[in-house]
Amino acid sequence: MLYPEELIEEVRIRNDIIEVVSSYVKLERKGRRYFGLCPFHNEKSPSFCIEPAKQFFYCFGCNKGGSVIQFIMNIEHLDFLDALKFLADRAGIALPEPEDAGEKEKSKLRMQILDINKEAARFFFATLASKNGTGAQGYLRRRGLTEKTIKQFGLGLAPGGWNELTKALLDKGTEKGLLLSSGLSLETKNGELIDRFRDRVMFPIFDIRGNIVGFGGRVIDQTQPKYMNSPDTPVYNKSRELYGLNFARQSKSKKLLIVEGYMDVISLHQAGIDYAVASLGTALTQSQAWILKKYAEEVIISYDSDSAGQAATLRGLDILEKAGCNIRVLLIPDGKDPDDYIKNNGPEKFKNLVDRAISLLDYKIRIEKNMYNLDTIDDKLKLLNSIADILAAHDNSIERELYTKNYAQQYGISLESLNSEVQKRRKKQISKSKEYSLRKNTAVRRELSGIPQIDSRYGDLEYLLLVMLCNENRFFGKVSDEYGLDAYMDKGAKKIAEKLYNRLTQSKNCVLAELLNVLEPKEASYMVHIAETNSDLEDTDKAIQQVLNKLEILKLEDLQKQTIERIKNEHDGIIRRQLGLEFSKRAERLAELKRLA
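The opening position of the sequence shown corresponds to residue 2 in the working numbering, with each subsequent residue numbered one higher.
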């Protein structure tokens, strides 16, 4: 175990799940539960719920579930250790050095790479300030950057030699393996180390806590690929970081503006638009969308206006919409990028453009409109059908009604006609969505690939028994001694039972939320799924006995079938009579159990 279980449990208890989740999800109380729109999948009606008394969450739509620790792991895209640290910091709990040797090594490696990145950033910054940085300084000045901005973003220069950074870090005692793990050095066929970044303006990439986790490098002479970025490392994953977010999250504005590149972000911040961020050399990802939703009430997207930029915008809009973001699109005249527009027109005019950014629906319909010749009836009909499709897919009924009226008037057709087409399409879309949900909810195990394999004969009963024993620990010893849990459990359930037994041996009590801390993520999700789908059951001796009886019935029925086959194939009369007596005794027990059921 990475940390003592008592410490993990203290962190969990000190972070009330309602308080933590409320900072990510708008919750509404209904009876003893709280409900909200699931932050882990796109949905129209709330299926994400929390039971405050039990301190766990569960989504009936995507089947994710767990304690507050699993929630933070999922929403912040952290491993268990980092999620625990996140919550410990929130609760003001100081975590000691981890006990687990493997995790100690991982934690040590992360810290070493962060230290190496910091040293590299200092090296790049010093190189930029030296006489060797004259050309790069001129480039940054031509781009309009001030000394203050260069320092704020930690810009630097990778020298043109083959191994200048590598040599400097080796001279400081850095191990060869660490340089390779950091992504700053590459190994040649001859086993020599060379610099990954050479003769490039360097942009340190900060995580949300201000740690330097990677770098982007831009060439000045254009003879090489324009940008090069750090590879994924133990501290950096480009799909989960946003350039400039460490600064933008401090903005008083409640919005974030997504632009395409490092220079756009830096120029915007210098101009006072301090809420700009960029994805890192890749299309916007779902992970980045969740992060944007967390830190902004409104997300504005501004990509290039060419066909590639429009395609990227549409992809980004879909991803942001799935994350539940309030989205607008910024259109810059003449296809200019933000950096060029500010240089030519000033920051105030750019801020006016931001204020006039158009809605998600307007942008999608504008793109469709550009595809047709509206002087022809055929193309006009195609456009109106596309508009009906777009409006039907939009969930906000007020916005849908307003836009339907607007476009009916704009294209000279009756409101009734356009609304009729929208409603027809909406019914079809809702029907398809319901069919999908039904398929999903009747195949929970298939959707949760990797959960413990469950014997089709016993179904969920053995897992339900474990859930009930979590809530009624006093019955665990009795059930284990008198019934022998092994007799009714598959490998997955036995594994969970052993963890419950170990926890009870150590502390004499264990609630389900506490057990989740020591389960694999998908085991935890499945246990919460069982708990929530059977939440109406009483956790009493009577209910536990009923589950045990059902398990025993299934076990005895299996034995009876096996006995019948053995009798058929047995030629020894004495053994046949003995098998017959066993069959009769079990039949009596089965009859008794079925009367009690």
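All C-beta atoms, glycine included, are put in the ideal place defined by N, C-alpha and C.
Take Tyr464 as the anchor and find which of Arg504, Leu170 and Val548 has the nearest alpha-carbon.
Val548
Spatial distance of Lys370 from Thr405 (CA atoms)
15 Å
Mind checking Glu422: buried by the 16 CB within 10 Å criterion, or exposed?
That one is buried.
How big is the Cα-Cα spacing for Arg197 and Leu185?
Rounded to the nearest whole angstrom, the CA to CA distance from Arg197 to Leu185 is 5 Å.
So, Leu501 versus Leu466, is the Cβ gap smaller than 8 Å?
no
Is Cys511 helix, strand or coil when you go by DSSP?
coil
Since Leu354 contacts Ile333 with CB under 8 Å, what's their CB separation in whole angstroms?
6 Å
Buried or exposed for Leu382, going by 16 or more other Cβ atoms inside 10 Å?
Residue environment for Leu382: exposed (fewer than 16 other C-beta atoms within 10 angstroms of its C-beta).
Output yes or no for whether 8 Å exceeds the beta carbon distance between Ile565 and Leu591.
no
Cβ pair count under 8 Å reaching 3, the region 155-163 against the region 124-141
yes
Classification of Asn191 by the beta-carbon crowding that lies within 10 angstroms, buried from 16 upward
Exposed is the call here.
Helix, strand or coil for Ser131, going by three-state DSSP, please let me know.
Three-state result, Ser131: coil.
Assess, as a yes-or-no matter, whether the region 58-70 is touched by the region 79-94 under the definition of 3 or more beta carbon pairs within less than 8 Å.
yes
Considering only DSSP beta bridges, list what Cys50 is partnered with.
Answer is Phe36 and Tyr59.
What three-state label does DSSP hand Asn164 in the structure shown?
coil
Give the secondary structure of Ile1 by DSSP, where H, G and I count as helix, E and B as strand, and everything else as coil.
The requested residue 1 does not occur in the structure, where the chain is confined to residues 2 to 598.
Assign Asn570 to buried or exposed, taking buried as 16 or more other Cβ atoms, counted over all protein chains shown, within 10 Å of its Cβ.
Flag for Asn570 reads exposed.
Name, in chain order, the residues that DSSP records as bridge partners for Leu258.
Ala277 and Ile301
For Thr175, does the count of other Cβ atoms within 10 angstroms reach 16, so buried, or fall short, so exposed?
Thr175 is classed as buried because its beta carbon has at least 16 other beta carbons within 10 Å across all chains shown.
Is Phe124 closer than 8 Å to Leu513 when the C-beta atoms are compared?
For Leu513 and Phe124, no; Cβs fall outside 8 Å.
Which class does Gln579 belong to by DSSP, given the choice of helix, strand or coil?
helix
Minimum C-alpha distance to Asp356 - residue among Leu403, Ser303, Asn75 and Gly325:
Ser303
Are the region 199-209 and the region 227-243 touching by the rule of at least three beta carbon pairs closer than 8 Å?
Flag = yes, the region 199-209 and the region 227-243 touch.
Nearest-angstrom Cα distance between Ile114 and Ile213?
9 Å
Burial state of Glu607 (16 or more Cβ within 10 Å)
This structure does not reach residue 607, given that the chain is present from 2 up to 598, and the question cannot be answered.
Which two residues bound the contiguous alpha helix (DSSP H) that contains Val266?
Tyr263 to Gln271
When the Cα atoms are used, what is the spatial distance from Met372 to Lys365?
11 Å
Once you ignore the five residues that flank Tyr437 on each side, which residues in its own chain have a CB closer than 8 Å to its CB?
Residue confidence is low: Tyr437 scores 43 on pLDDT, short of 50, so the model does not pin down where it sits. Its coordinate-derived value is still stated next. Excluding positions up to five away in sequence, the list is empty.
Alpha carbon of Lys562 to alpha carbon of Gly66, nearest angstrom
38 Å
Can you tell me whether DSSP reads Leu560 as helix, strand or coil?
Looking at Leu560 - three-state DSSP - the assignment turns out to be helix.
Spatial neighbours of Tyr276 in its chain, beta-carbon cut-off 7 Å, leaving aside the 5 residues before and after
Ala249, Ser252, Ser254, Lys256, Leu257 and Leu258
Distance, Cα to Cα, Leu580 vs Phe476?
So the two alpha carbons sit approximately 34 Å from each other.
From Gly273 to Ile343, what distance separates their C-alpha atoms?
11 Å
Should the region 408-426 be regarded as contacting the region 382-398, the criterion being three or more beta carbon pairs within less than 8 Å?
yes
Short of 6 Å in beta carbon distance, which residues of its chain neighbour Arg111, apart from the five on each side in sequence? Order them along the chain.
If the five residues before and after Arg111 are omitted, its C-beta is found closer than 6 Å to the C-beta atoms of Pro235 and Val236, all from its own chain and listed in chain order.
Closest by C-alpha distance to Gly336, when choosing among Ile9, Glu521, Gln311 and Gly32:
Gln311
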